[in-house]
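Chains A and B, in that order, are what the protein sequence lines are.
Oh and the first sequence: position 3 is 3 in full-length UniProt numbering, straight run, nothing missing.
Oh and the second sequence: position 33 is 33 in full-length UniProt numbering, straight run, nothing missing.
We put the beta carbon where it would ideally sit given N, CA and C, even for glycine.
All values reported here derive from a predicted model rather than from experimental measurement.
2 protein chains.
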Amino acid sequence: MTTIAIAAPGAMGAAIGAVLAQHGARVITPLSQRSAQSQQRAQQANIVDCSAEALCEADIILSILPPESALSWAQQMAPLLQAAVHKPLYVDCNAISPETLKQVAQVIESTGTPFADAAIIGLPPGEQNPTGPRFWFAGPHAGKLAQLSDYGLRIRLMNAQNGAASALKMAYAGINKGITLLTSAMLINASRVGAAEALREEMQESQQALLKRMEKAAPDMLPKAWRWAAEMDEIATLNQGELATDQLYRALGEICRQLADNRQHDQQFSALLADFFQPDADKAG
Amino acid sequence: MTTIAIAAPGAMGAAIGAVLAQHGARVITPLSQRSAQSQQRAQQANIVDCSAEALCEADIILSILPPESALSWAQQMAPLLQAAVHKPLYVDCNAISPETLKQVAQVIESTGTPFADAAIIGLPPGEQNPTGPRFWFAGPHAGKLAQLSDYGLRIRLMNAQNGAASALKMAYAGINKGITLLTSAMLINASRVGAAEALREEMQESQQALLKRMEKAAPDMLPKAWRWAAEMDEIATLNQGELATDQLYRALGEICRQLADNRQHDQQFSALLADFFQPDADKAG
């Protein structure tokens, strides 16, 4: 039986762990310092509690964490991995830039532990995403992870170096979230000078797919704008200097902060966006 | 018979003039200082040569020019309009920011000439756009322009101040061109680290409409990147300070310049984009 360790039973980690367990893997995670909620989530997913040392006895460690914890968790694990006789394959699955990924890889590889770069693209497996997200693996050890398809995961191998999976995740998120932010900001700008109705009519005529996308994406984005700011800052470090995408994503990060900040104050931006998509809601009231 | 003056018989101006003439308007433009090509285009469109003074005798003047000429042409016309007994309605139809529009309006209104703000959205009338572009009019004199629908133009009136039509045009172009530039830049970034194939597969799965849009938009954009740079700079002045769209569009302008510059050198960016959309073209060769 293959033993797979999950760094933490967050929303994504627990859902992935549940799929692995359902397909016959032994799934472990250290629960002693986790909240009652996380402990319950792990139990429901058939994820078994273990010590931090026992984590190193797994065949594969999947680091699935909030992006800002990816490096510090690797640093915590390093002495345990150093001491372990049997080295697991350590897979960083986090939404971090290739720069940060390189630092994580150095920490892990310096202990003699094999390392792979991964990108998880899509929502956690569950009602909203029955087929589950896709896992992309890069780096010299990626091939060993093909076996995870036997445990219910959707696996794709990239013929590319460590960092390529991180870059994929950054580019994919950068495009999708960037479009939502750029378009939202311009809808707000147009609305503030009385051009909302005309812009909506023009988009209905010639940009139907985009208008439909934005009707859902803009209101979904607003409550997450603060979290997106950190993500835009991380994306700004992707291939810095090649093209001015660093400036571009720093500006998008700033727009996230402005939208988030405005939600705490007069909420004029969210009101303008709501009115753009539902112009008759006010008039009917 | 209504007389309509066109500032210059460029691609858009001549095509609009042709539609107006077909529908029974008398269309005039000064041709003496124009190229043989422009003179021929005017003749084919049934646009009649006139002096700069005679331009002021029109009922309506449509300023349809390259954006950078909008203000200087208004300044040239101002003394003639000042001297004219009968004042035409001067309509600025150019892709300029509300800031620039305000300057044009001040120049024209100081001569006692009524002024309207217009946005032309869409390609010139012709084979590629049989129904023609849409004209949006703003400002206190917009209502007088409703009659242009009798002369074959697609007219929409905005219930908004001067500047709103310019803002509409900026926002519409900013969204459409911004999406093309942002996405192209990230496709290049991902391609440079070996993530092109994976990103294409992910977009085929979850972003089909965007992928289809980009297949046409990215190669169409590259030869125009230099011209787009000036347009992004102009869009950067839209509602400056409200949201960080000034930073955002300055970055997009910089990316335009980098793409245009790269076309003069090793063309690696256009090669990466071509390969992204046609991955098998190289391999088959």
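Proximity test, Cβ basis, 8 Å: residue i and chain B
i	result
A:Pro98	yes
A:Gly178	yes
A:Gly174	yes
A:Ala164	yes
A:Met186	yes
A:Arg26	no
A:Gly194	yes
A:Ala15	no
A:Ala171	yes
A:Leu252	yes
A:Arg227	no
A:Arg156	yes
A:Asn239	yes
A:Thr113	no
A:Glu242	yes
A:Leu168	yes
A:Ala190	yes
A:Gln258	yes
A:Ile255	yes
Member of the options whose CA lies at the smallest distance from the CA of residue i
i	options	result
B:Val27	B:Ser35, B:Pro9 and B:Lys216	B:Pro9
B:Val19	B:Gln39, B:Ile47, B:Pro30 and B:Gln40	B:Ile47
B:Leu273	B:Arg250, B:Ala229, B:Met214 and B:Gln103	B:Met214
B:Gln248	B:Ala260, B:Cys93, B:His23 and B:Glu231	Looking at the sequence shown, residue 248 of chain B is not Gln but Leu. For B:Leu248, the nearest C-alpha among the options comes from B:Glu231.
A:Lys144	A:Ile175, A:Tyr90 and A:Tyr172	A:Tyr90
B:Asn189	A:Lys212, A:Pro98 and A:Phe276	A:Pro98
A:Ala225	A:Ser166, A:Ser206, A:Ser184 and A:Pro67	A:Ser184
B:Ile121	B:Ala165, B:Leu81, B:Gln103 and B:Leu80	B:Ala165
B:Ala52	B:His23, B:Pro66, B:Gln82 and B:Pro67	B:Gln82
A:Ile255	A:Arg227, A:Glu201 and A:Asp280	A:Arg227
A:Asn129	A:Met12, A:Leu55 and A:Pro88	A:Met12
A:Leu148	A:Phe277, A:Pro279, A:His23 and A:Asp275	A:His23
A:Leu243	B:Leu238, B:Thr2, B:Ala58 and B:Asp261	B:Asp261
B:Ala70	B:Pro88, B:Leu55, B:Ile60 and B:Ile108	B:Ile108
A:Ala167	A:Glu234, A:Glu68, A:Ala146 and A:Gln33	A:Glu234
A:Pro125	A:Ile16, A:Pro279 and A:Leu259	A:Ile16
Collapsed DSSP secondary structure at residue i in the structure displayed
i	result
residue 294 of chain B	An answer regarding residue 294 of chain B cannot be provided, because it is not within the stretch 1 to 285 covered by chain B.
A:Gly285	Low local confidence applies: a pLDDT of 41 at A:Gly285 is under 50, so the model's placement there is unreliable, with the coordinate-based value given in what follows. If DSSP states are grouped into helix, strand and coil, A:Gly285 belongs with coil.
A:Ala14	helix
A:Ile60	strand
B:Val193	coil
B:Asp266	coil
B:Thr100	helix
A:Thr2	coil
residue 298 of chain B	Outside the shown range of chain B, which is 1 to 285, sits residue 298 of chain B, and nothing can be said about it.
B:Arg200	helix
A:Arg213	helix
A:Arg34	coil
Beta carbon proximity, residue i to chain A, threshold 8 Å
i	result
B:Thr3	no
B:Trp136	yes
B:Glu127	no
B:Val104	no
B:Arg200	no
B:Ile47	no
B:Thr245	yes
B:Gly285	Residue placement at B:Gly285 is poorly supported in this model, since its pLDDT is 41, which falls under 50; the coordinates still yield a value, given next. So, not an interface residue.
B:Asn94	no
B:Thr183	yes
B:Gln161	yes
B:Gln204	no
B:Gln207	yes
B:Leu248	yes
B:Ile120	no
Chain-ordered chain E contacts of residue i [CB-CB under 7 Å]
i	result
B:Ala217	As a matter of chain content, chain E is missing from the structure shown, whose protein chains are A and B.
Contained alpha helix (DSSP H) runs [length at least 4] in the region 218–257 of chain A, N- to C-terminal order: 225–235
Can you list the beta strand (DSSP E) stretches of 3 or more residues lying completely in the region 109–167 of chain B, in chain order? Within the region 109–167 of chain B, the complete beta strand (DSSP E) segments at least 3 residues long are 115–121, 134–138 and 154–157, listed from N- to C-terminus.
Check whether the region 253–273 of chain A touches the region 106–115 of chain B, counting contact only when three or more Cβ pairs, one atom from each stretch, lie closer than 8 Å. no
Cβ pair count under 8 Å reaching 3, the region 39–55 of chain A against the region 153–172 of chain A: no
Tell me whether the region 63–74 of chain A and the region 143–159 of chain A touch, counting them as touching only if at least three CB pairs, one residue from each stretch, are closer than 8 Å. no
Segment contact, 8 Å Cβ cut-off, at least three pairs: the region 135–144 of chain B with the region 155–165 of chain B: yes
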